[in-house]
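Working notes for the structure below.
In our numbering, the protein residues as written are 237 to 391.
Rendered as structure tokens:
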């Protein structure tokens with residue numbers, strides 16, 4: 237018998253109906269590691285941004301990534317469900333995030349945050365580009381655990 241994919245449980249642990257999943261932990265870890273590293277890089281590259289400002293930016297970025305990721309998933313992959321029931325967009329318990337939507341949400345949150353706080357957009361994007369690969373890596377590991385990236389069966 238050939239093992240097609242690893243049999244890793246996507247749920248780390250559960251409390252009754254409440255579950256902690258690897259996919260959610262990937263998001264948490266990515267944002268925590270990203271926040272720490274951006275603060276570290278900022279001290280070296282451009283100490284003009286305060287830690288409080290960076291913390292506020294991370295709140296904006298979390299909202300941008302999650303809202304953008306969910307909206308992108310629904311519009312790109314589940315448009316028929318959304319058109320039949322617009323409340324489908326808030327059915328987060330059914331899963332579904334999109335990289336492209338998360339990217340668009342992140343860029344929009346960066347634009348709004350930079351304008352609101354009188355920061356150059358590229359000042360933020362330089363810092364974000366240093367840590368974004370960590371989030372992408374952790375997200376792909378979570379996709380692998382969820383058996384979402386196994387590919388097609390071949391001969």
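Glycine included, every Cβ here is placed at the ideal spot set by N, Cα and C.
Here the alpha carbons of residue 344 and residue 354 stand approximately 15 Å from one another.
The count of Cβ pairs closer than 8 Å, one atom from the stretch 348-365 and one from the stretch 318-334, stays below three, leaving the stretches out of contact. In this model, residue 347 and residue 277 are separated by some 21 Å (Cα to Cα). The shortest CA-to-CA distance from residue 272 to any of 312, 370 and 380 is the one to 370. For the pair residue 308 and residue 270, the CB atoms are not nearer than the 8 Å cut-off. Residue 301 counts as buried, since no fewer than 16 other beta carbons sit within 10 angstroms of its beta carbon.
For the pair of segments examined, the stretch 280-290 was found not to touch the stretch 316-323: the number of CB pairs separated by less than 8 Å stays below three. According to the DSSP secondary-structure assignment, residue 255 is paired through a beta bridge with 250. Taking the Cα positions, residue 250 is about 37 Å away from residue 360. When DSSP states are grouped into helix, strand and coil, residue 316 belongs to the helix group. Per DSSP, the continuous alpha helix (DSSP H) segment holding residue 379 begins and ends at 357-381.
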